[in-house]
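Just below is one structure, and these are the notes that go with it.
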Amino acid sequence: MRAVPGELWHASVRKLCLGTLPRNGRPSTPLGLLYLDLEPRAGKTSHPALYTLRAGASAARASLGAHDDALLLRHLPAAALVCDLPVPNGPGAEPSTGDALLRPRMLETLYHELGHALHALLARTQCQHFAGVRTALEFVI
Amino acid sequence: MESCPDQVCAALRGLSEALRPRARVELATLSATFRRLGGDVHSDLDRGAVSGAGVRPWDLAYLIEQSRASILGADEAELSQYLELGRCLEGIQMVFARAFGLQVS
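Line by line, the protein sequences give chains A and B. Just so it is clear: in the first sequence, position 20 is 20 by the numbering used here, and no numbers are missing. Just so it is clear: in the second sequence, position 19 is 160 by the numbering used here, and no numbers are missing.
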């Protein structure tokens, strides 16, 4: 998905839109935005993490005077997935390949964080403080 | 969508039942690796762990790596040549589409 000028904090960050699959001629409905910041660089944390940038909470039914769930206004959630994966052709990478090569543990970490991303982007709640991954902290290995 | 705690608990129990047979097979593999590396399945620390398997949560990452290396005859660095980042992201997008009806664009 294209980013507007100034939206991305580094040239290597990718912006993705998570949405429903198009079905029966109906187009995809956007569900949330995901920024992938996967490559190491100076000054960046090396700890993999998923940060909620904007929680996907709906405005409270009472405050809208709405009686129909379809009328609830939902913030389009946004999250940043931050990792420390090897850069293609960077130190430690195979010089002949064009794409970063992951060790199994790195792949598990990436998929683990993507699980958090789904949690953050698919949550349906009216409580901002409980949206998505804003729950009790897990023990991450 | 799950709308009450009972539904969430039922979904989690169903998932647990469905995954248990495969998990048992994996546990047996990890337990064999644990014993091969000299682990004592009857140590005091083992009390409370799953049925004498000797495998505890903090051993998982190491035992998985050691098991994978001995089964595939390749270490983690060798396996990485099959795991290109772009392909791995394509793969997880297929899972998102099939399991959850989601697309990434």
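Note that the Cβ used here is the ideal one computed from N, Cα and C, for glycine as well. As the structure is a computational prediction, the values presented were derived from the model and not from experiment.
Quick one: is S221 of chain B near chain A, going by C-beta distance under 8 Å?
Yes, because at least one Cβ of chain A sits closer than 8 Å to the Cβ of S221 of chain B.
Just the Cα atoms here: how many angstroms apart are A59 of chain A and V196 of chain B?
Each residue's Cα considered, the two are about 46 Å apart.
Thinking C-alpha only, which one of A:A42, A:D37 and A:P30 is nearest T9 of chain A?
The displayed chain sequence assigns Trp, not Thr, to residue 9 of chain A. The shortest C-alpha separation from W9 of chain A is found at A:D37.
Name the chain A residues that come within less than 7 Å of V166 of chain B, Cβ to Cβ?
Here the premise fails: no neighbours, minimum Cβ distance about 19 Å.
Quick one: using the 10 Å Cβ neighbour count with 16 as the cut-off for buried, is F175 of chain B buried or exposed?
That one is buried.
Is there at least one Cβ from chain B nearer than 8 Å to S58 of chain A's Cβ?
It does not: the Cβ of S58 of chain A has no partner Cβ on chain B nearer than 8 Å.
Span of the alpha helix (DSSP H) holding Q234 of chain B?
Start and end: L226 to F241.
Considering only C-alpha positions, which residue in the set A:R2, A:G56 and A:H47 is nearest to Q126 of chain A?
The candidate whose alpha carbon is nearest that of Q126 of chain A is A:G56.
Beta carbons nearer than 8 Å to chain B: which residues of the stretch 39 to 55 of chain A have them?
Against chain B - using a Cβ distance shorter than 8 Å - the stretch 39 to 55 of chain A contributes no residues.
Opposite L34 of chain A in the DSSP bridges: which residues?
L34 of chain A is bridged to A:L16 and A:A79.
Determine the burial state of A169 of chain B: buried for a count of at least 16 other Cβ atoms within 10 Å of its Cβ, exposed for fewer.
The residue in question, A169 of chain B, is exposed, as its Cβ has fewer than 16 Cβ neighbours within 10 Å.
Would you tell me roughly how many angstroms separate the C-alpha atoms of S28 of chain A and P162 of chain B, rounded to the nearest one?
Each residue's alpha carbon lies about 37 Å from the other.
Tell me where the alpha helix (DSSP H) around L220 of chain B begins and ends.
From DSSP, the alpha helix (DSSP H) with L220 of chain B extends over E217 to L220.
Considering Cα atoms alone, identify which of B:S246, B:L224 and B:A173 is closest to E108 of chain A.
Of the listed residues, the one whose Cα sits closest to E108 of chain A is B:L224.
Can you check DSSP and say which residues form a bridge with Y51 of chain A?
Per DSSP, A:A80.
Checking 8 Å against the spacing of the C-beta atoms, do L77 of chain A and A136 of chain A come in under that value?
Per the sequence presented here, residue 77 of chain A reads as Pro, with Leu not at that position. No, they are not a contact pair.
Under the DSSP definition of a beta bridge, which residues are partnered with R23 of chain A?
Answer by DSSP bridge pairing, in chain order: A:R26.
Whole angstroms is fine: what's the gap from S157 of chain B's alpha carbon to M1 of chain A's?
Taking the straight line from one Cα to the other gives about 36 Å.
Within this structure, are the beta carbons of P40 of chain A and D99 of chain A separated by less than 8 Å?
Contact: no.
Which of helix, strand or coil does DSSP assign to T170 of chain B?
If DSSP states are grouped into helix, strand and coil, T170 of chain B belongs with the helices.
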